[in-house]
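Counted the way mature numbering (1 follows the signal peptide of the UniProt record, and there is no 0) counts, the sequence shown spans residues -25 to -1, 1 to 635. The C-beta atom is built at its ideal place from N, Cα and C for all residues, glycine as well. One structure is given below, encoded as structure tokens.
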Amino acid sequence: MTFFFHLFFLTILLFFFMQHKMVFLKDIKHEGQKLLSISTGNTNGHEIHLEICKPFARGICPATVVSYRVANWTPECEYQDQSLRILISGFPQRPSLNILPSLGRRILDDNIPLKKHLFFGGEFRFITGYWEWAEDVLGMSKNILKKGLIYDVVYASLFTYDRCINAVQAFCEAWCPAVNTLLTSIGELAITLWDLHVIGGLPIIGDAYDESISSASEMLKANADRPFQLCKYLFGAYHHLFPKTGDKRLLCVHVWVKFWFKKASKYTMPPSRTEKKRTARAKATHNPSGSIPKFGGWTNSMKVPFQILKVPAEYEKEIYLAAFLSCWLCAFVLPHEGPRVIRPEIFKVACMACGRKICLAVPVLASIYHGLNQISNAPSPDQVRTCFPVHYVYGWLASYFDTHFKNDIQSTTPLMISYSGEGGARSLDKRGARGRIFQGDVSSWMCSTHRRIRDHVFFDGENPSETDLTFFRCLRSNFLELRYQNHCIAEPYTPHRFSRQFGYFQANAPGLLEKHERRVSLVAGFRFWQQFEHGMSRAEAVFPTPPTIPAKYYSLEYKEWWSQVHGSYLENRVGDLIRICDFEIGNVVSSPDPVAPASKKKKEVPDTEAKSLPQKKAKLAAPRAEVLIKDAEKETLPAKANENQVLEKQSNDDRNWKHL
């Protein structure tokens, strides 16, 4: 009897030991590549190799960044006996009278039929246990999240975001990939950095977004910074959960959530969504109420992941938060490999759990621009499987074009929460949606901008207020970079083209950037980042009081130029677009989210030198020139693998909305 008792006891100890493996991190070289090796040290155990990259920090860029050579970003101009403020560009430009390209123009001119609606892979969807985990974290770590300026944007992930597919289709048809703006009959609009800050809650102040794998030597050294110490436990969890077999070995989000969150689930998967005519917001919802319960303390089951990973007690709260932020970043903020995959490169960024501030608005807007441009430039746009956080686009359309009903949620920050939930999108038919977008029928030009009662003079010197500095950075032209491992995309951001959204007068015809880079080296990408965050430039800007009618706040010169490069072209041909894109919208299908393949680059058409604008007053008529600008690059972030074969089995229907 004693023998069997000891045998049983040894079996239990062996099982406990097998479940609590020590994870070893080391740096290795393979075929000239530096790799991070993650293993248990057991020859029979599986080993993961991840490519190590240089940190996106000052060491990567030996040369000092050249600051903007602009003393005053908002000079005055005289127009019809008035002195008005304009916004200028910080980059050299060349004049252009070429037609501005758009997907809608390509469909009309080249007769490209769309057989189905466009695909948006990064839309946030229900994940079992995620909302309960988010409520836990918001209740437990409110102070640290507010310190890192991400409480609001984490709170925004408590909800799903409905879409009017016809409005989104019209938005994509009017999108200009050459300059990253929306082409309407009354001029250009754009999703701005300030929009993402106010509508989406994304921080603009903070360190560079650096999605890369750190070396073992950085994480294991005795005096390692706190973020590196947290990273090694996240890599341990990644190794513990990583699938050991399969053709497409990716770690799914639902596996990550199930490992870390041990409490009971109270939210269930909503039924599938359909596009249905409605005159008011749906009353029923499967979203959380938005009320954050008080954290109930640690339970024994919540300690299990820490025991498996051998996490010291003093790290438990930060590791719990960092694990959640890893999921939140991959599923909601930047799902560029699909919102169902955990990327180990994200662990360094997730160490915002220490209270570190990281600028998220720049990479998110770069991802949105990049994804929209992939659709616009593709030979078959309805076949593109691009992935970007499109729910921010839904929030932008709701705020500017009134495409959604407001809800009863008390919180007003960030703004997109007011339009969240099932059945939130208005029912706009194909003609109505296109008419609203193409005409520029904006319900609120200044929906995200400060409504000042007097002009405010800002000087970029020492100790500016955080709000003023944030707004000032949104006014400066730049290239927005998104770094992912050894790859970096850079999308042009030209606020002088859509300065009415900030309250400035649109006086002159904007030109095209002389440099037009979309795929850059890490060194170039970091220089763009340095230029974006460059402070104490001694430059000045005046933040204006909003005009009475922003839509008409432009000069005759601008109006005449606009009539030549776009005018009312799309608005006048709504019927032709509907005829060419003749398909019915039933259930909105949302498949798993692979990364879109890179489309082939078309030969560029050289720009012609601009001539002086005619003095005769012109109508905003559709231009008849046929020369298109084809400057936009068609590069894409690299895909590790197609996600379709590794995601949890689910219906092809998007199950974020109730079937109404």
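Quiz item: What residue ranges within the stretch 390 to 465 form continuous beta strand (DSSP E) runs of no fewer than 3 residues, ordered along the chain?
Solution: 431 to 434 and 453 to 459
Quiz item: Quick one: is M194 buried, meaning 16 or more other Cβ sit within 10 Å of its Cβ, or exposed?
Solution: buried
Exercise. Could you tell me the distance, in whole angstroms, from the CA atom of residue 637 to the CA atom of C305?
Key: Summary: the structure shown does not reach residue 637, with the chain confined to residues -25 through 635, and so no result is reported for it.
Quiz item: For R331, which residues of its own chain have a beta-carbon under 8 Å away from its beta-carbon, when the five flanking residues on both sides are left out?
Solution: G123, G181, D182 and P202
Quiz item: With distances taken from CA atoms, which of L10, Y54, P70 and T520 is nearest I428?
Solution: Of the listed residues, the one whose Cα sits closest to I428 is T520.
Self-check item: Option nearest E163 by Cα separation, candidates R472, G176 and S452
Solution: With distances taken between CA atoms, E163 lies nearest to R472 out of R472, G176 and S452.
Exercise. Return the CA-CA distance between V602 and K91, expressed in angstroms with no decimal places.
Key: Residue placement at V602 cannot be trusted, given a pLDDT of 30 that sits under 50; what the coordinates show is reported in the next sentence. Straight-line Cα distance between these residues: approximately 28 Å.
Self-check item: Cutoff 7 Å; reference C422; Cβ partners in own chain excluding five residues on either side
Solution: Once the five neighbours on either side are set aside, the close Cβ partners of C422 are S374 and Y375.
Practice problem: Using the Cα positions of L209 and G271, report the straight-line distance between them to the nearest angstrom. | Solution: 24 Å
Quiz prompt | Simplified DSSP state of W150, which is helix, strand or coil | solution = strand
Quiz item: Which term fits E148, buried or exposed, when burial requires 16 or more other beta carbons within 10 angstroms of its beta carbon?
Solution: buried
Quiz item: Under three-state DSSP, which class holds R202?
Solution: At residue 202 the sequence reads Pro, which differs from the Arg that was named. Reduced to three states, the DSSP call for P202 is helix.
Quiz item: Would a C-beta distance cut-off of 8 Å place L296 and A328 closer than the cut-off?
Solution: yes
Quiz prompt | Residue interval of the beta strand (DSSP E) (run including Y54) | solution = E51 to Y54
Quiz item: Among D404, K258 and L226, which one has its Cα closest to the Cα of R318?
Solution: L226
Quiz item: Tell me which same chain residues have a C-beta within less than 8 Å of the C-beta of E437, skipping the five on either side of it?
Solution: M511
Quiz item: Should Y184 and I27 be called a contact, given that it needs their Cβ atoms to be closer than 8 Å?
Solution: No, they are not a contact pair.
Quiz prompt | L93 versus G104, E441, L78 and F101, residue with shortest Cα-Cα distance | solution = L78
Quiz prompt | Limits of the beta strand (DSSP E) - the one that K4 falls within | solution = Unbroken beta strand (DSSP E) run through K4: F(-2) to H5.
Self-check item: Three-state class that DSSP yields for N547 in the structure shown
Solution: Note: N547 maps to helix in three-state DSSP.
Quiz item: What number of angstroms, rounded off, separates the C-alpha of A32 from the C-alpha of V495?
Solution: 16 Å
Quiz item: By a C-beta neighbour count over all protein chains shown, 10 Å radius and 16 as the cutoff for buried, is K575 buried or exposed?
Solution: For K575, the predicted structure reports a pLDDT of 39, less than 50, and the residue's modelled location is therefore unreliable. A value from the coordinates is still provided. When all chains shown are included, K575 counts as exposed.
Practice problem: Please state whether DSSP places H261 in a helix, a strand or coil. | Solution: coil
Quiz item: Excluding five sequence neighbours on each side, which residues of the same chain lie with their C-beta closer than 6 Å to the C-beta of A526?
Solution: If the five residues before and after A526 are omitted, its C-beta is found closer than 6 Å to the C-beta atoms of I161, all from its own chain and listed in chain order.
Quiz item: By DSSP, does D377 sit in helix, in strand, or in coil?
Solution: coil
Quiz item: DSSP state of I333, grouped into three classes?
Solution: DSSP, reduced to helix, strand and coil, places I333 within a strand of the structure shown.
Practice problem: Could you tell me if P268 is buried or exposed, where buried requires 16 or more neighbouring beta carbons within 10 angstroms of its beta carbon? | Solution: Exposed is the call here.
Quiz item: CB-CB under 8 Å to Q481, same chain, minus the five flanking residues each way: which ones, in chain order?
Solution: I61, G162, S474, R475, Y528, Y529, S530 and Y533
Practice problem: Return yes when the Cβ of G176 is within less than 8 Å of the Cβ of A131, no when it is not. | Solution: Yes; because the gap between Cβ atoms is below 8 Å, this pair is in contact.
Quiz item: Who are H24's beta bridge partners in DSSP?
Solution: S12
Quiz prompt | Validate contact between the stretch 83 to 90 and the stretch 479 to 493 using beta carbons, cut 8 Å, 3 pairs | solution = no
Quiz item: Helix, strand or coil: which one does DSSP assign to F480?
Solution: coil
Quiz item: In chain order, what residues of the same chain lie with their CB nearer than 8 Å to the CB of L10, ignoring the 5 residues before and after it?
Solution: D2, I3, K4, H24, L25, E26 and I27
Exercise. Figure out for me which residue from F477, H215, Y105 and D170 has the closest Cα to the Cα of I63.
Key: The shortest Cα separation from I63 among F477, H215, Y105 and D170 belongs to F477.
Quiz item: Do Y468 and N453 have their CB atoms nearer than 8 Å?
Solution: yes
Exercise. Alpha carbon to alpha carbon, how far is R451 from F236? Give it in angstroms, no decimals.
Key: 42 Å
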